[in-house]
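Residue numbers (our numbering), protein chains in the order written: chain A, 43 to 294; chain B, 23 to 117. Below you'll find the structure, written out as structure tokens, and then a few comments.
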């Protein structure tokens, strides 16, 4: 794989992560427990989808085959999406959603910070814009994790179960594959080991405030980055792509 | 599931530096930090502001509509309290 191919794959992955998480969050629009949180969730989902559009548009330009953002989002198969397993997991209850978002946002913010210093100008620009959005997401969702973890006996027990369940999907965030490696070398991309250490220490302080124990790094699931997904992604893709598949090229 | 409603907060937004905060609406939140976040997410989505105040609605001391006559009507015929007899200096904004 040469560095141009790695850049394309890397940018498309960033788009995949933003799109799939955004779509997941859209699923609970109009089904949130409080009106104010409902708005926050919808805002956040649209932030992610906005980021996906920027990454996909750039990926289409890099590829140079005339594909645009919609082609990446709506006309690829499940195994062509290379998002992390963590973010395709179902929303579950409110504590599950918040836990997933804290685990991911803490990582994603560190990744975006690193990307603002990469040598590909376009990626650095998109990252700089996304970083501000995610900084707020993390702040907001962290407050919720602390409230739930340090809340009632029931909220604590439920959110602890959420952490225990989701932890197995955090491993692949930090395992560099060939695409990560080439991007890091050729474009001064993120150092995932350094990000892992920073993520751990940041999560430790969040978990301390939330009265939650850091789980042990046991067996970790992986494969999302290579397009091997859990059974949950197919349903998400089917719903997201239904309209474009049923009515190709539809617009309104 | 609790059937308790979260306390009501009033939200004040300053639309740009130099102007004052204006009442934008209200939101429900369990604590002050949540109130600030909810105000941000509810009332500044379209670049409405650069600064937010939130205050518990129960902390606001309001005048009683029954006092309207005693409170406000005596000002009606005090025209000399209006600074309308002065020339405005040119170039003064936001006055």
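Every residue, glycine too, gets a C-beta built ideally from N, C-alpha and C. Values in this document were obtained by computation on a predicted structure and should not be read as measured data.
Check, Outcome
"Taking 8 Å as the CB-CB limit, is residue 54/B close to chain A?", "no"
"Kindly indicate which three-state DSSP category residue 47/B falls into: helix, strand or coil?", "strand"
"Quick check: what's the CA-CA separation for residue 183/A versus residue 97/B?", "50 Å"
"What is the residue span of the alpha helix (DSSP H) that residue 93/B lies within?", "90–94"
"Taking only three categories from DSSP, how would you classify residue 32/B?", "strand"
"Roughly how many angstroms lie between the CA atoms of residue 177/A and residue 151/A, to the nearest whole one?", "7 Å"
"Rounding to the nearest angstrom, what Cα-Cα distance links residue 92/A and residue 110/B in this structure?", "48 Å"
"Just to confirm the assignment, what range does the alpha helix (DSSP H) spanning residue 91/A have?", "77–105"
"Tell me whether residue 279/A sits in a helix, a strand or coil according to DSSP, three-state version.", "helix"
"Inspect the CB distances between the region 162–175 of chain A and the region 31–43 of chain B and report whether three or more fall short of 8 Å.", "no"
"When you compare only the Cα positions, how much space is there between residue 248/A and residue 93/B?", "52 Å"
"At a CB-CB cut-off below 8 Å, which residues of chain B make contact with residue 334/A?", "For residue 334/A there is no data in the structure shown, the boundaries of chain A being 43 and 294."
"Indicate the three-state DSSP secondary structure (helix, strand or coil) for residue 74/B in the structure shown.", "strand"
"Could you give the residue range of the alpha helix (DSSP H) that holds residue 238/A?", "234–251"
"Establish whether the CB of residue 64/B and some CB of chain A are separated by less than 8 Å.", "yes"
"What residue from 137/A, 157/A and 143/A has the CA that sits closest to residue 237/A's CA?", "157/A"
"Indicate the three-state DSSP secondary structure (helix, strand or coil) for residue 224/A in the structure shown.", "helix"
"What is the C-beta distance between residue 224/A and residue 84/A, in whole angstroms, given that I count them as a contact (C-beta under 8 Å)?", "Not quite, the Cβ-Cβ distance comes to about 37 Å (not below 8 Å), so this is no contact."
"For residue 141/A, report the span of its alpha helix (DSSP H) as first-last.", "136–157"
"Since residue 60/B and residue 74/B are thought to touch, with beta carbons under 8 Å apart, how far apart are those beta carbons, to the nearest angstrom?", "That belief does not hold up - the Cβ atoms of residue 60/B and residue 74/B are roughly 10 Å apart, past 8 Å."
"State whether the region 102–120 of chain A contacts the region 137–149 of chain A, with contact taken as three or more CB pairs (one from each stretch) at a distance under 8 Å.", "no"
"Which residues, taken in chain order from the region 81–92 of chain A, show a beta carbon closer than 7 Å to some beta carbon of chain E?", "Within the model displayed, chain E is absent; protein chains A and B are what it includes."
"Could you check which residue in 95/B, 27/B, 86/B and 78/B has the C-alpha nearest to that of residue 47/B?", "78/B"
"Near residue 204/A, what residues of its chain come up, given a Cβ to Cβ distance below 6 Å and the 5 sequence neighbours on each side ignored?", "137, 138 and 141"
"Just checking my contact of residue 79/A with residue 275/A at CB under 8 Å: how many whole Å lie between their CB atoms?", "That belief does not hold up - the Cβ atoms of residue 79/A and residue 275/A are roughly 25 Å apart, past 8 Å."
"Can you confirm whether residue 182/A, when its beta carbon is compared against all beta carbons of chain B, has any partner nearer than 8 Å?", "yes"
"Does chain A have any CB closer than 8 Å to the CB of residue 67/B?", "yes"
"Is the separation between the beta-carbon of residue 97/A and that of residue 70/A shorter than 8 Å?", "no"
"Is it right to say residue 90/B is buried, meaning 16 or more other beta carbons lie within 10 angstroms of its own, or is it exposed?", "exposed"
"Rounding to the nearest angstrom, what Cα-Cα distance links residue 105/A and residue 261/A in this structure?", "36 Å"
"Just reading off the alpha helix (DSSP H) that residue 178/A is part of, what are its end residues?", "163–191"
"My output table needs one value for residue 67/A: the three-state DSSP class, helix, strand or coil.", "helix"
"Check whether chain A comes within 8 Å of residue 60/B, counting only Cβ atoms and requiring the distance to be less than that.", "yes"
"Contact between the region 184–198 of chain A and the region 250–260 of chain A is defined here as three or more beta-carbon pairs at a separation below 8 Å; is this criterion met?", "yes"
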